[in-house]
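Residue numbers (our numbering), protein chains in the order written: chain B, 332 to 740; chain Y, 428 to 680. We treat Cβ as the ideally placed atom computed from N, Cα and C, and that holds for glycine. Because the structure is a prediction, the values reported are computed rather than measured. Worksheet: one structure, shown below.
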C-alpha cells in the first residue's frame, strides 16, 4: 500500500487501474476529463493493459461500454452532466442487458443556464435507469467504491451496471491523502471477471438484448431488474464487510455520524456531507444532540436502514443538492416515503442548497438546525427551504441590472 | 479564488471555498482591486498576504499589513526562462510562511513537476528557484495558525425568500447589448503585443485572428490594440507574417 495525495478524479482512475480493466471507452468533459487523461497516459505507458478508445460522443461511448461488457470484458468509463444526459438512452438499455460495468459520474449542474460546478441533478436524472448508484464523500471512498462497484456489478446474483458518483470541483479537483492498495490485495477482493452470462465465445453463440412484444415478457424482465436491485442491498453489505476485513475501511448503505443519541439530524450526500459533519460537531460542542446520516447507496434505495436510523429523532432535515422543479428536493421525497410507515416519525424538513456549486455555508447549516428546533416544537418552517442569502440576492440583482433587466425586488 | 490548500494534523471537515484563510497568496497584484476576483475576501486583520508585485510597475496598492511582497515573476523568468515557474516560486514562499520544511517543499515540487517537465535540467532550475525564494522568505515571519476557537462564533445565515419574478427577469438572458468591452480583461495580460508600424504591411491578419476583437483598424488601416480588453494571448504576434508585433513583459496592466 502506498499513501498518495490524489484528486477525486485520480482516485477514480486508480480504482479502474487497480481493477485491471480491459476496456475504456472515453470522451472528455469538464470536470471529469482528468480521469480519462490519466487512464490514457497509463495505457500508453503500459502501466495498464487495457484498450483505451475515444469516441465521437457520450452516446457512442456508452454504447461501446455496454457492448464491450456484453462480450465479457471488464469495462470502465466516465462522464459528467450534459455527457451523461447525451448518453441517457443507453443507460436504460445497458441496465436492461444485465451487463456489469462501472461508470464514474462527476457531478455537475445541468443546463440551462450552463455551469461547470457540482450539483446532483445529473446523476439523479439517471436514478430510474436500473444502474446501481454509489455516492461518495472523500477521495479514498472514490477509489474504494470503484473496486466495490466492480465486485457488486459482476456478482453472479446481481449483474447490474454501477454508477459511482463524485462531486465536480469539491471532490474531483480536491487532493486528499489516499491509501492506494497493492494490486495483489485488490485481487483477493476482486478476482478477474469470469462471465457466466453475456459473453462472446465462438463455440457458444447467443443473442443478447432481444426485442419482446406483449407486456408479460417485458414486465418479467423489468421486474427482475427491480428484484436484482433490491437483492443488491444485502450483497452490498456483505461485500462491504469483506472489504473492511481486507482493507480496514468500513462502508455501509448509509453512513451514521454522531447518531447514537442524536435528536436533530441532517441527511446529506456526497462531498458537502463533510461540512454537515463539521456543523454537527459545532452543535455537539454547544451541547446540542446533533447527528448526520449520509446517503451513500442511492439505488437501490435503503429505505429500511434509513427508517430505522431516523425514527424516534426529534427533527430531520434532508438537504438536497438538487431540485426537481415543481416539487423540490429529490431525496427528501424518498426519505419521507421511507419514513411513512415508521412509528415515532420525526418532524421532517426539506432543504435545497448547493446548486451549481453554490456553497452550503456554515451559517446556512446553522440556520437549518434552527429550522429543526422550530419544526420539533411544532412551528412551521418553509419546506422546501430554498437556501439563498441576502448578500447573494444583492449580487444577483446587480447581475440582472448589468444584463439590462428592469425592476428589482 | 483559484485554489485552496488546507493543512492540519486532525481530520479536515471542510469542503470547497475557504471562509477564513490563514494565508492569502495573490499571484497577480492587479487582482487585488478586481471586484470579480476579490482575493482578500475572508481575510482577517492579521492574516498575512503574500503578494507578487511587478518591481517595475508604479502601481500603488492599498493592502493593509502584514504583506510580504516580491517580484516572483522576475525571479521565475530569470531562473527558468518560463513564466509558468511562478507557481514554483509562490509555492516555495508559501511553504516558508506556513512553516513547512524546505526539504518537504523540495519534495513537493519534485513530485509535482517530475512528470510534467521535459528534462532533469528544467526540474533542477525550478528547484534552484525554490531554494532562492525559500531563502529570501526566511526573514519573513511565519503564519500564526488560527486555533479552532474562532469556529464557534458561526451565526445563522441571513436567508431571504425568493419570490416569483416574471420570466423576462427570471430567464438567463442578457438584454443589454454590446457590453463585452465594459468587462476589462487587460489585467489578464502578462505580455503586451506592441505594433511597430514600419514593419506592418496592413494585411489585417491580426485583426481577423484576435479572439477578443480587441484589435480595430485606424483611419490609415493600421491595427490598433485596445489594451483595456486585450488578454495578452499573443495570437496577433504569432500570426503576423512580418513580425510587426514586439512582445514586452506587461508593466502597466
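*asked:* Distance check for residue 558 of chain Y and residue 640 of chain B, CA to CA, integer angstroms please.
replied: Within the first chain, the letter at position 309 stands for residue 640 of chain B. Within the second chain, the letter at position 131 stands for residue 558 of chain Y. Those two C-alpha atoms are separated by around 54 Å.
*Keeping to the same chain, check which residues put their C-beta closer than 7 Å to that of residue 381 of chain B; ignore five residues upstream and five downstream.*
As a working note, residue 381 of chain B is residue 50 in the first chain. Excluding residues within five positions, the ones whose Cβ falls inside 7 Å are 352, 353, 354, 355, 374.
*Cβ of residue 589 of chain B within 8 Å of Cβ of residue 450 of chain B?*
If you number the first chain from 1, residue 589 of chain B lands on position 258. If you number the first chain from 1, residue 450 of chain B lands on position 119. Taking 8 Å as the Cβ cut-off, residue 589 of chain B and residue 450 of chain B do not qualify as a contacting pair.
*asked:* Please state the DSSP three-state secondary structure of residue 612 of chain Y.
replied: Counted from its first residue, the second chain places residue 612 of chain Y at position 185. The answer is coil: DSSP assigns residue 612 of chain Y none of H, G, I, E or B.
*Leaving out five residues before and five after residue 614 of chain B in sequence, what residues of the same chain have Cβ atoms less than 7 Å from its Cβ?*
Looking up residue 614 of chain B in the first chain gives position 283. Closer than 7 Å at the Cβ level, and outside the excluded window around residue 614 of chain B, lie 621, 700.
*Closer than 8 Å, CB to CB, is residue 570 of chain B near chain Y or not?*
Indexing the first chain from 1 puts residue 570 of chain B at position 239. Output row for residue 570 of chain B: interface = no.
*Could you tell me the distance, in whole angstroms, from the CA atom of residue 705 of chain B to the CA atom of residue 647 of chain B?*
In the first chain, the residue the question calls residue 705 of chain B occupies position 374. In the first chain, the residue the question calls residue 647 of chain B occupies position 316. Residue 705 of chain B and residue 647 of chain B: Cα-Cα distance of roughly 11 Å.
*asked:* Rounded to the nearest angstrom, what separates residue 406 of chain B and residue 466 of chain Y at their Cα positions?
replied: Sequence index remark: in the first chain, residue 406 of chain B carries index 75 (1-based). Sequence index remark: in the second chain, residue 466 of chain Y carries index 39 (1-based). Near 43 Å, if we compare the C-alpha coordinates of residue 466 of chain Y and residue 406 of chain B.
*Buried or exposed: residue 689 of chain B, going by 16 or more other Cβ atoms within 10 Å of its Cβ?*
To locate residue 689 of chain B, count along the first chain from 1; it is residue 358. Classification of residue 689 of chain B: buried, given that the 10 Å Cβ count is 16 or more.
*Answer yes or no: does any C-beta atom of chain Y fall closer than 8 Å to that of residue 657 of chain B?*
Within the first chain, the letter at position 326 stands for residue 657 of chain B. Not closer than 8 Å to any Cβ of chain Y, the Cβ of residue 657 of chain B fails to qualify, so no.
*Residue range of the beta strand (DSSP E) that residue 296 of chain B falls in?*
Here chain B covers residues 332 to 740 and nothing more, so residue 296 of chain B does not appear.
*Using beta-carbon positions only, say whether residue 430 of chain B and residue 401 of chain B come within less than 8 Å of one another.*
Indexing the first chain from 1 puts residue 430 of chain B at position 99. Indexing the first chain from 1 puts residue 401 of chain B at position 70. Yes, they are a contact pair.
*Quick one, are the C-beta atoms of residue 624 of chain Y and residue 662 of chain Y less than 8 Å apart?*
In the second chain, counting from the first residue as 1, residue 624 of chain Y sits at position 197. In the second chain, counting from the first residue as 1, residue 662 of chain Y sits at position 235. Not closer than 8 Å, so no.
*Count the other CB atoms within 10 Å of the CB of residue 595 of chain Y; is the residue buried (16 or more) or exposed (fewer)?*
Here residue 595 of chain Y refers to the residue found at position 168 when the second chain is read from its first residue. So residue 595 of chain Y ends up on the exposed side.
*What residue does the alpha helix (DSSP H) around residue 504 of chain Y start on, and which one ends it?*
For the purposes of this step, residue 504 of chain Y is taken as residue 77 along the second chain, with counting starting at 1. Run containing residue 504 of chain Y: 499 to 507, per the alpha helix (DSSP H) assignment.
_What would DSSP say about residue 618 of chain B, mapped onto helix, strand or coil?_
Counting from one through the first chain, the residue named residue 618 of chain B turns up at place 287. It is coil, neither helix nor strand.
*Pull up the distance between the alpha-carbon of residue 576 of chain Y and that of residue 448 of chain Y, whole angstroms please.*
Taking the first residue of the second chain as position 1, residue 576 of chain Y is located at position 149. Taking the first residue of the second chain as position 1, residue 448 of chain Y is located at position 21. Because the pLDDT at residue 576 of chain Y is just 48, under 50, the model does not fix this residue reliably, and the point stays unresolved.
_Under 8 Å by beta carbon: chain B residues contacting residue 446 of chain Y_ = Indexing the second chain from 1 puts residue 446 of chain Y at position 19. Simply 692, 693.
_Any beta carbon from chain Y within less than 8 Å of residue 740 of chain B's own beta carbon?_
Within the first chain, numbered from 1, the residue matching residue 740 of chain B stands at position 409. The predicted position of residue 740 of chain B is uncertain, since its pLDDT is 49 and thus under 50; a value taken from the coordinates is nonetheless stated next. Chain Y contact via Cβ: present.
*Would you decide whether residue 479 of chain B is buried or exposed? Buried here means 16 or more other CB atoms lie within 10 Å of its CB.*
Taking the first chain and counting its residues from 1, the one referred to as residue 479 of chain B is at position 148. By the neighbour-count rule (16 or more Cβ atoms within 10 Å), residue 479 of chain B is buried.
*Step through the CB atoms of chain Y and report whether any lies within less than 8 Å of the CB of residue 622 of chain B.*
Numbered from 1 along the first chain, position 291 holds the residue referred to as residue 622 of chain B. So, not an interface residue.
*With 16 as the cutoff for other CB atoms within 10 Å, does residue 663 of chain B come out buried or exposed?*
Along the first chain, one-based indexing puts residue 663 of chain B at 332. The residue in question, residue 663 of chain B, is buried, as its Cβ has 16 or more Cβ neighbours within 10 Å.
*asked:* So that I know if they touch, is there some Cβ in chain Y lying closer than 8 Å to that of residue 653 of chain B?
replied: The residue given as residue 653 of chain B occupies position 322 in the first chain. Cβ-Cβ to chain Y under 8 Å: no for residue 653 of chain B.
*Where does residue 659 of chain B sit, in a helix, a strand or coil, going by DSSP?*
Against the first chain, residue 659 of chain B aligns to sequence position 328. Strand at residue 659 of chain B.
*By Cβ distance below 6 Å, which residues in the same chain neighbour residue 678 of chain B in space, the five residues on each side in sequence not counted?*
Start at 1 with the first residue of the first chain, and residue 678 of chain B comes out as number 347. Answer for residue 678 of chain B: 646, 706, 707, listed in chain order.
*asked:* Alpha carbons only, please: which of Y:494, Y:487, Y:563, Y:646 is nearest the one belonging to residue 474 of chain Y?
replied: To locate residue 474 of chain Y, count along the second chain from 1; it is residue 47. Selected option, being the one with the closest Cα: Y:494.
_Test item: CB-CB of residue 339 of chain B and residue 511 of chain B under 8 Å_ = Position 8 of the first chain holds residue 339 of chain B. Position 180 of the first chain holds residue 511 of chain B. No, the Cβ-Cβ distance between residue 339 of chain B and residue 511 of chain B is not below 8 Å.
*State yes or no: is the C-beta of residue 523 of chain Y within less than 8 Å of the C-beta of residue 482 of chain Y?*
To locate residue 523 of chain Y, count along the second chain from 1; it is residue 96. To locate residue 482 of chain Y, count along the second chain from 1; it is residue 55. Going by C-beta atoms, residue 523 of chain Y is not nearer than 8 Å to residue 482 of chain Y.
*How many angstroms separate the CA atom of residue 597 of chain Y from the CA atom of residue 656 of chain B?*
By 1-based counting over the second chain, the position of residue 597 of chain Y is 170. By 1-based counting over the first chain, the position of residue 656 of chain B is 325. Taking the straight line joining both Cα atoms gives about 14 Å.
*asked:* If we define contact as Cβ-Cβ less than 8 Å, is residue 466 of chain Y a contact residue for chain B?
replied: Here residue 466 of chain Y refers to the residue found at position 39 when the second chain is read from its first residue. So, not an interface residue.
*asked:* Between the alpha carbons of residue 609 of chain B and residue 443 of chain Y, how many angstroms are there, rounded?
replied: By 1-based counting over the first chain, the position of residue 609 of chain B is 278. By 1-based counting over the second chain, the position of residue 443 of chain Y is 16. If you take the alpha carbons of residue 609 of chain B and residue 443 of chain Y, they lie about 13 Å apart.
*Determine, using beta carbons only, whether residue 587 of chain Y comes closer than 8 Å to chain B.*
Residue 587 of chain Y sits at position 160 when you count from the first residue of the second chain. Output row for residue 587 of chain Y: interface = yes.
*For residue 479 of chain Y, write down the residues that DSSP places opposite it in a beta bridge.*
Counted from its first residue, the second chain places residue 479 of chain Y at position 52. The partner list for residue 479 of chain Y (beta bridge, DSSP) reads Y:497.
_residue 536 of chain Y - DSSP class collapsed to helix/strand/coil_ = Here residue 536 of chain Y is taken as the residue at index 109 of the second chain, counted from 1. Of the three classes helix, strand and coil, the one that applies to residue 536 of chain Y here is helix, per DSSP.
*Which of the residues in the segment 442 to 474 of chain B, read from start to end, lie with their CB under 8 Å from any CB of chain Y?*
443, 444
*Compute the Euclidean distance between the alpha carbons of residue 635 of chain B and residue 468 of chain B, then round it to the nearest angstrom.*
Taking the first chain and counting its residues from 1, one reaches residue 635 of chain B at position 304. Taking the first chain and counting its residues from 1, one reaches residue 468 of chain B at position 137. Distance between the alpha carbons of residue 635 of chain B and residue 468 of chain B: 22 Å.
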